[in-house]
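S.K.: Going by the numbering used here, the sequence shown opens with residue 23, and the numbers climb by one from there.
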Amino acid sequence: MNKQILAQWIELATVLFFGFGLFIYSSTYTLLTQSSHLHQSYNSFDFYSIALYEVFILGLIYIFLKKRKWDIQHFNLDFKWYMIGVALLLVTLQFLLSYTADQLLIWASFFEGTSNPNIDLEVNMLSILLMLLVNSIFEEVLLIGYLFKRLKRYPIAIPIVVGTLIRISFHTYQGIEEIPRVIILEFVLGIFYGKYKKLWPVILAHGIGNLIYFLNQEYQWLEL
């Protein structure tokens, strides 16, 4: 392994550690602490704190990558209005696949004896929108934009698998029943980005999907 390749792997490990290390630790701790896993509550301060933390970490990673000769153009962040429609199609596809997977797993009694945590949200709409905007940019810039670019010499399956494992590791606090949906999210967004190299539809799809999830937590429209 030459020095350039070694430096790239060190860069990758550094970005992923600073980007998701704390979230992975927190999610794992919550999962293993049974009482906190079964009942969770979040307020507006929690959402503001997450958003500010992610802005701070993304800023540090930006400075680090800039020193590594990265440029904003590497992330394919050019925006066109039609991308909103593309994002809605991605959300629809994701929900259809998730619903189908849920029904198959229920039919197979795969998650029998398990339950997702009861999540109480005491948040205002501003904190939800701010957190969704920042979080969607944060996760997709790193797990799609950065990861796919850094691993571009490998088959598309490699960044998708790596991204999936990382997403699962910091979503375990939501319960194991959420794992299929996390896998589907990465699959849908990763396949799209791998083909079209447009990041804004991915970011918007993530945000819209999470907004629907949070609104459903409040109003219980659907059993998602």
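Positions of the beta carbon are idealized from the N, C-alpha and C atoms, including for glycine. Please read these numbers as outputs of a predicted model, since none were measured by experiment.
Mark Arg189 as exposed unless 16 or more other C-beta atoms lie within 10 angstroms of its C-beta, in which case mark it buried.
M.R.: buried
S.K.: Less than 8 angstroms between the C-beta atoms of Leu221 and Phe97, yes or no?
M.R.: yes
S.K.: Rounded to whole angstroms, what is the Cα-Cα separation between Ile106 and His228?
M.R.: 12 angstroms
S.K.: Among residues of its own chain, excluding the 5 on either side of Leu164, which ones have a beta-carbon nearer than 6 angstroms to its beta-carbon?
M.R.: Gly41
S.K.: For Pro181, collect the residues of the same chain with a Cβ closer than 6 angstroms to its Cβ; drop the 5 residues on either side in sequence, then sort them by chain order.
M.R.: Residues of the same chain with a CB within less than 6 angstroms of the CB of Pro181, apart from the 5 flanking positions on each side, are Leu169, Phe170 and Leu173 in chain order.
S.K.: Please report the distance separating the alpha-carbon of Ile32 from that of Leu115.
M.R.: 35 angstroms
S.K.: Pull the bridge partners of Gln196 from the DSSP assignment, please.
M.R.: In DSSP, Gln196 forms no bridge with anything.
S.K.: Look at the Cβ atom of Ile72, then the Cβ atom of Met153, and state whether they are nearer than 8 angstroms.
M.R.: yes
S.K.: Of all the options Thr52, Glu161, Gly197 and Val210, which has the alpha carbon lying nearest to the alpha carbon of Ile178?
M.R.: Val210
S.K.: Expressed to the nearest angstrom, what Euclidean distance is found between the alpha-carbon atoms of Asn140 and Thr194?
M.R.: Roughly 14 angstroms between the two C-alpha positions.
S.K.: Taking the alpha-carbon positions, what's the Ile206 to Thr55 distance?
M.R.: 27 angstroms
S.K.: I'd like to check one pair, Asn232 with Ser158: are the Cβ atoms closer than 8 angstroms?
M.R.: For the 8 angstroms CB-CB criterion, Ser158 and Asn232 form a contact.
S.K.: Could you spell out where the beta strand (DSSP E) holding Asp142 opens and where it closes?
M.R.: Asp142 -> beta strand (DSSP E) spans Asn140 to Glu144.
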